[in-house]
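Participant: Numbering (my numbering), first residue to last: 68 to 350. Built from N, CA and C at the ideal position, the CB exists for glycine as well.
1. Whole-angstrom Cβ separation of residue 306 and residue 286, contact assumed at under 8 Å?
2. Report, in whole angstroms, the separation of the C-beta atoms of residue 199 and residue 248, which I expect to be a contact under 8 Å.
3. Pull up the distance between the alpha-carbon of residue 216 and that of residue 297, whole angstroms please.
4. Put residue 232 into one of helix, strand or coil per three-state DSSP.
5. How close, in whole Å, do the beta carbons of residue 224 and residue 210 come, if the pair is a contact with beta carbons under 8 Å?
6. Threshold first: 4 residues or longer. Then list the alpha helix (DSSP H) segments lying entirely within the region 234 to 300, N to C.
7. Name, in chain order, the residues that DSSP records as bridge partners for residue 168.
8. Quick one: residues in its chain with C-beta nearer than 7 Å to the C-beta of residue 227, no 5 flanking neighbours on either side, listed in chain order?
9. Bridge partners of residue 318, per DSSP?
10. Would residue 260 and residue 329 qualify as a contact pair, given that the criterion is a beta-carbon distance under 7 Å?
11. So, helix, strand or coil for residue 176, using DSSP?
12. Could you give the DSSP three-state label for residue 214: helix, strand or coil?
13. From residue 263 to residue 162, what does the alpha carbon distance come to, in whole angstroms?
14. Run through DSSP, which three-state label would residue 204 get?
15. Secondary structure at residue 87, three-state DSSP: helix, strand or coil?
16. Compare the beta carbon distance of residue 332 and residue 302 with 7 Å and say whether it is the shorter of the two.
17. From which residue to which residue does the beta strand (DSSP E) around residue 334 run?
18. Could you compute how far the alpha carbon of residue 156 sits from the alpha carbon of residue 128?
19. Roughly how many angstroms separate the alpha carbons of residue 397 and residue 114, rounded to a whole number?
20. Mapping DSSP to helix, strand and coil, what is residue 219?
21. Does the beta-carbon of residue 310 have 16 or more other beta-carbons within 10 angstroms, so that it is buried, or is it exposed?
22. If I measure Cβ to Cβ from residue 317 and keep anything under 7 Å in the same chain, skipping five residues before and after, which residues do I get?
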């Protein structure tokens, strides 16, 4: 458009013959400069638009990155909160566990102390019985501590005649000595077990070895109660027949060992039961 205007101006000047050649060249140079400026402006405009597009893309990229980082921060914060909660809960659980461990340790110490006292008393009781019955043959009396109880094994030849459940007079001295010691340990219960060999019973008054072992056990129980004044609430009588032998029933010596009455002296379990009822629990 500028070029058209310039031509018209030149034409007008030519027609009027008022413009010199020098003036024309001056105007033409200005035109050329304007034309170049226009080209430069267009180039700069294109460059600016390109840079603007690049800046917008960069801003979009940065915004996307920022949004991603914000999401990551939120996720990290959530994870941190979860860890804090778990740590607090863990501290609570650790404290609770320590309390339970302490309670268990106290409980174990109590059990250990009771067991120690029981073992100590059982050993003292066993030694006392051995000293009291020291004048008797080992074949007639055997005393031992096993699994927390004291076993006093009395041979049947010392207590009864063959096939009988009537206590012999000479057994009274032994049972009397045993009673003296049992009365010193009134917190102990007394289990009396009758044992036989495997020889069948021929006595018509006794049905079998179950009968014989039961009658012998109850005979000793009655003797302790009626003759020695032991509280019957402490006494339990049981029959084992021929089924818990200590020796081989195929030999005379073995059968003699198996024919026995055992007085089992046991500490009362009240203290143990009380502890068990109050045992610490874990969740």
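Facilitator: Once the coordinates are examined:
1. Contact between residue 306 and residue 286 fails: their C-beta atoms lie close to 12 Å from each other, not under 8 Å.
2. The Cβ separation is near 6 Å, so the contact holds.
3. Distance between the alpha carbons of residue 216 and residue 297 is about 19 Å.
4. Assigned with DSSP and collapsed to three states, residue 232 falls in coil, not helix or strand.
5. Contact annotation, residue 224 with residue 210: C-beta distance approximately 18 Å; criterion of less than 8 Å not satisfied.
6. Residue ranges of uninterrupted alpha helix (DSSP H) with 4 or more members, entirely inside the region 234 to 300 and ordered along the chain, are 238 to 251, 276 to 289.
7. Answer by DSSP bridge pairing: none, since residue 168 is not bridged.
8. Within the same chain, and ignoring the five residues on either side of residue 227 in sequence, the residues whose Cβ sits closer than 7 Å to its Cβ are 233, 234, 235, 283.
9. None; residue 318 has no bridge partner.
10. With contacts defined as CB atoms closer than 7 Å, residue 260 and residue 329 qualify as a contacting pair.
11. Correct three-state label for residue 176: helix.
12. For residue 214, the secondary structure class from DSSP, reduced to helix, strand or coil, is coil.
13. Going by the C-alpha atoms only, they are around 59 Å apart.
14. If DSSP states are grouped into helix, strand and coil, residue 204 belongs with coil.
15. In the structure shown, residue 87 sits in coil (DSSP, three-state: anything other than H, G, I, E or B).
16. For residue 332 and residue 302, no; Cβs fall outside 7 Å.
17. Its beta strand (DSSP E) spans residues 327 to 334.
18. Rounded to whole angstroms, the gap between the alpha carbons of residue 156 and residue 128 is 42 Å.
19. Any property of residue 397 remains undetermined from this structure, which presents the chain solely from 68 to 350.
20. Assigned with DSSP and collapsed to three states, residue 219 falls in strand.
21. It is exposed - the Cβ of residue 310 has fewer than 16 other Cβ atoms within 10 Å.
22. Answer for residue 317: no residue qualifies.
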